[in-house]
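Inspection log for the structure reproduced underneath, given as structure tokens.
There are 4 protein chains.
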Amino acid sequence: MTTQEVADWWGTAVSRIEPNRIELRGTPVQDLIGTVGFGSMIWLMVRGERPTPAQSRLLEAALVAGVDHGPHAPSIAVARMAATCGVGLNNAMASAINTLGDSHGGAGQQCVELLDDIRERVAAGVAVPAATDEVIAGWRARGIRYLPGFGHRFHTRDPRRDPLLALVDEAVTDRTVEGGHLRAARAVEEALNRGRSRPVPMNIDGATAVIYAELGFPAPLARGLFVLSRSVGILAHAWEETGQGRRNKGPIPPSVRPTFLG
Amino acid sequence: MTTQEVADWWGTAVSRIEPNRIELRGTPVQDLIGTVGFGSMIWLMVRGERPTPAQSRLLEAALVAGVDHGPHAPSIAVARMAATCGVGLNNAMASAINTLGDSHGGAGQQCVELLDDIRERVAAGVAVPAATDEVIAGWRARGIRYLPGFGHRFHTRDPRRDPLLALVDEAVTDRTVEGGHLRAARAVEEALNRGRSRPVPMNIDGATAVIYAELGFPAPLARGLFVLSRSVGILAHAWEETGQGRRNKGPIPPSVRPTFLG
Amino acid sequence: MTTQEVADWWGTAVSRIEPNRIELRGTPVQDLIGTVGFGSMIWLMVRGERPTPAQSRLLEAALVAGVDHGPHAPSIAVARMAATCGVGLNNAMASAINTLGDSHGGAGQQCVELLDDIRERVAAGVAVPAATDEVIAGWRARGIRYLPGFGHRFHTRDPRRDPLLALVDEAVTDRTVEGGHLRAARAVEEALNRGRSRPVPMNIDGATAVIYAELGFPAPLARGLFVLSRSVGILAHAWEETGQGRRNKGPIPPSVRPTFLG
Amino acid sequence: MTTQEVADWWGTAVSRIEPNRIELRGTPVQDLIGTVGFGSMIWLMVRGERPTPAQSRLLEAALVAGVDHGPHAPSIAVARMAATCGVGLNNAMASAINTLGDSHGGAGQQCVELLDDIRERVAAGVAVPAATDEVIAGWRARGIRYLPGFGHRFHTRDPRRDPLLALVDEAVTDRTVEGGHLRAARAVEEALNRGRSRPVPMNIDGATAVIYAELGFPAPLARGLFVLSRSVGILAHAWEETGQGRRNKGPIPPSVRPTFLG
């Protein structure tokens, strides 16, 4: 057995730890503490390089937007219920993060894939509206009625949409980002709304997907970044619930529970 | 059954969601997007009020310091192994966060409790050195040899300690924080090193506990904030591992595994 | 680096895997498949030896009793909600199992500790009623009002209690178990009910704790075995929910949700 | 708001809980305790009806076979590492179960799908060998080299295969099961081995998939049942590790860890 094989098995470009020395993405940790903001640190750790201030600002806007959508979201409800069961705060958070799956936390990832698909067709010479129609038709052909990142069962217009897109517009103007994913997303929105009386506007997943994609994050990281974002709300709710002293909180208050539900 | 009872059961001061309106800690989300950094947003969501820029800077320094300590830490090793098992990125992250328990992610929480205990005795009129000796004696009497936040099995001097404490010193000077927890932690360090040839310096858990406690976070939130911090390293490692294409990665490379370990 | 050190690090008496050979607790797997029931296999894996048929029957009765207590239990509600979020069935189960903490799945463990404490005092020569009073007084002195394993917020008499205790009575008669933990549990029940008009009978956690303790399982395994038991209900509910086709199920039906809960 | 809507939202055919009454799949729990084995209880809870003794015996054989495959399997390694981090036994188990994803715990599910596909073609009139070739060609066309349920990176012949298939043969003979999935699986094995010097025999996932499919479980339950089975090994290993007193166990023993891995 050689040390080299073990080193290779656990080899990583993310961090290097030696006695009294910690390098994160090649930089000694003491050069990062106090000089790099938390948003920039997320970028550095995931991408291996530091963002510009403008890139970091855009990333942080997306992270801020997704922290919470109230206690009816499964991720938040699970966090609050788990926090009453006598487990550590990290365990309550893990149970909740674990629910951010394909249909809860995965819409952003799927929307980046959709936008990337349009972008690739455009890069191959297809005009944006035609590329958009092709891609939408492909999703429809797979039986998918609601495109990820568009429409909302609760808000007719998600209040997080406009401020996020305004920031992307600014970032296009100052050349922080190129703008192709934004154009693709707006083309999808237009196509979806063509001839409809009730619009299907881009939602939070769509708007953050535009940001993550414009900033060059691959699709799966849209979910990873959403996990970091929603974890903040998960912590806030789990902690608030802890302070209320309930034990083994169920979904329905006992006082109004149907008798046969225990 | 009344709507009020259901509303009370899921009542929260963290967020309020109405059609086309999202308030987080009382502020419409559109007023936060693009104006509040991610570190400040964490503070706002958990505490209910916004930090000053100096407070936010200190918090972010602590969050940056804890993101990663290499792939031998259970949290990171679990993240990398889980990422090879065909689960979502959020699931791999949850498995890892779930290991940040009393002995992995809980040292910061315990250290805040230790420092709070000293602070309370000092507030009651005991001198810092005497209060410190009393508290250390109490931990020793409970059979605890290694105090949480002090000493490291790997680093003789954790490289994250000095830059973090330097930031707290600055924050005391500019009156961002009061300094009592810092004094208590330094008193513990002195007491532990008295008459020893090999020092037991404050470690990352101790230094971040000082920051969280100086900023007014209750002890359990030291763990909660560490979860947010370490989640960044967990994501970075899980994502890197995903790119390497292994399936069902075990702890030991198959090439050097003892025959009878399969 | 030596193979031996790696072998020691991952050394185990549970299983030994060689090419074309799998030993579980020292027995080749082919000698177990088809000859050992699932309950006996649980015992063998956890304890290292096979149970008698009478021991296995008693263990299985306890495992059967705890599988489910309806969808208002956090473990089951979380399983059902997680199953609608686009994660694997194993992930939904993990989120749910993760909630079986000190106050949800830990009562059995705590009850075994309570009974063990009485047993030790009795072994030291104290009479059962006196030992029981001492132990109860100790819990009361720690500010604990509800003893683990006794009373139920929903059932005045848990329907699982009597059939379980009847099986223990039989097992005492046929000398499968000694009976000391059963006597201790009954003494606690009597002490709690002395002079009360509304009884506080032993509940499911108490009755299964008696069984696990009589069978010689250490206290923490009462929680471990409950996890195996409740996992069955968790699977059944998660699977049923999957078939109903909801997406991102929250705790309250949208139709009756207060407007400001989203 | 009506009670009915809440009742519908949490409606279930699995269990009905009323004061002093617990029905599981329509049977009062007191009629199940002591009369139904744990394997039969699993069947009852998941399917809604009780198995015959022969069905139950076959199911239990599959559950016994999958409990453990040594500490290098991610599920087991994660359980052991998590158990050293100061979390509850249920949390350590949850972290481990959470890794039983598409490539670790999902092979059985995928193999049932593969076998069902062959069965449907046979039911439509195609001969078994032709149907098998069609289905294999379909998987190959999707770029999948290793079919789920066949071949093993470690065993040339998995020792669990033959005793499991012998039990299915018996069950076909005594008409407990029909045998179509077994024939399909054997046809796949033959097709894979045609003209090869090194055979690719059915493995544990294939053999248990045959059992679950023959017993009428839908494909996703092959994963759900594997979770119940592997949870036993997960508990046994987590508990053994707990007894060894390590803290924050990493994948590599510190003594042989490359210096720069910390």
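Chains as they are written, first to last, in the numbering used here: chain A, 1 to 262; chain B, 1 to 262; chain C, 1 to 262; chain D, 1 to 262.
Just so you know, even glycine gets a beta-carbon here, dropped at the ideal spot from N, CA and C.
All values derive from a computational prediction rather than experimental measurement.
Where residue i sits in the DSSP three-state scheme
| i | result |
| --- | --- |
| C:Phe-38 | helix |
| D:Ser-197 | coil |
| A:Phe-217 | coil |
| D:Glu-23 | strand |
| D:Ser-15 | strand |
| B:Pro-251 | coil |
| D:Gly-154 | For the record, residue 154 of chain D in the displayed sequence is Phe; it is not Gly. Three-state DSSP puts D:Phe-154 in coil, outside helix and strand. |
| D:Pro-51 | coil |
| D:Pro-74 | helix |
| C:Pro-28 | strand |
Residue i at chain B interface by Cβ criterion, 8 Å
| i | result |
| --- | --- |
| C:Asn-98 | yes |
| A:Ala-94 | yes |
| C:Val-256 | yes |
| A:Val-128 | no |
| A:Pro-163 | yes |
| A:Arg-175 | no |
Residue-level contact to chain A via CB, residue i, 8 Å cutoff
| i | result |
| --- | --- |
| C:Thr-84 | yes |
| B:Pro-159 | yes |
| C:Asp-68 | no |
| B:Val-227 | yes |
CB of residue i within 8 Å of CB of residue j, strictly
| i | j | result |
| --- | --- | --- |
| A:Gly-108 | A:Asp-205 | yes |
| B:Ala-219 | B:Asp-116 | yes |
| A:Leu-182 | A:Val-200 | no |
| B:Leu-265 | A:Leu-228 | Here chain B comprises residues numbered 1 to 262, so residue 265 of chain B is not present and cannot be evaluated. |
| D:Asn-248 | B:His-104 | yes |
| D:Phe-38 | C:Val-29 | no |
| B:Gly-180 | B:Arg-119 | yes |
| A:Glu-240 | B:Val-112 | no |
| C:Ala-61 | D:Ile-33 | yes |
| D:Ala-207 | D:Arg-161 | yes |
Minimum Cβ-Cβ distance from residue i to chain D less than 8 Å
| i | result |
| --- | --- |
| C:Ile-211 | no |
| A:Asn-91 | yes |
| A:Val-200 | no |
| B:Pro-74 | yes |
| B:Ser-216 | This sequence places Gly at residue 216 of chain B; Ser is not what is there. It does not; no Cβ of chain D falls within 8 Å. |
Min CB distance residue i to chain C below 8 Å
| i | result |
| --- | --- |
| B:Val-87 | yes |
| D:His-181 | no |
| D:Thr-156 | yes |
| D:Ser-231 | yes |
| A:Arg-247 | yes |
| A:Val-78 | yes |
| A:Asp-102 | yes |
| D:Val-172 | no |
| A:Gly-206 | no |
| D:Pro-148 | no |
8 Å Cβ cutoff, residue i in contact with chain F
| i | result |
| --- | --- |
| C:Pro-251 | As a matter of chain content, chain F is missing from the structure shown, whose protein chains are A, B, C and D. |
beta-carbon residue i near the ligand ZN non-hydrogen atom, thresh 7 Å
| i | result |
| --- | --- |
| C:Asp-205 | In terms of ligand content, the structure shown is empty, and the ligand ZN therefore cannot be addressed. |
Using 8 Å as the threshold, is the region 89–96 of chain B in touch with the region 85–97 of chain A, meaning 3 or more CB pairs across them? yes
Check each residue of the region 25–47 of chain B: if its Cβ is closer than 8 Å to any Cβ of chain A, include it; give the result in chain order. Pro-28, Val-29, Gln-30, Leu-32, Ile-33, Gly-34, Val-36, Gly-37, Phe-38, Gly-39, Met-41, Ile-42, Met-45, Val-46
Name, going along the chain, the residues of the region 3–18 of chain C whose beta-carbon falls closer than 8 Å to a beta-carbon of chain A. Thr-3, Val-6
Is the region 127–138 of chain B close to the region 119–127 of chain D, with three or more CB pairs under 8 Å? Note that the region 127–138 of chain B does not touch the region 119–127 of chain D; fewer than 3 beta-carbon pairs, one per stretch, sit closer than 8 Å.
Please determine if the region 75–85 of chain C and the region 187–197 of chain C are in contact, where contact requires at least 3 C-beta pairs separated by less than 8 Å. Contact fails: fewer than three Cβ-Cβ distances are below 8 Å.
Does the region 26–45 of chain D come close enough to the region 5–24 of chain C that 3 or more CB-CB pairs lie under 8 Å? no
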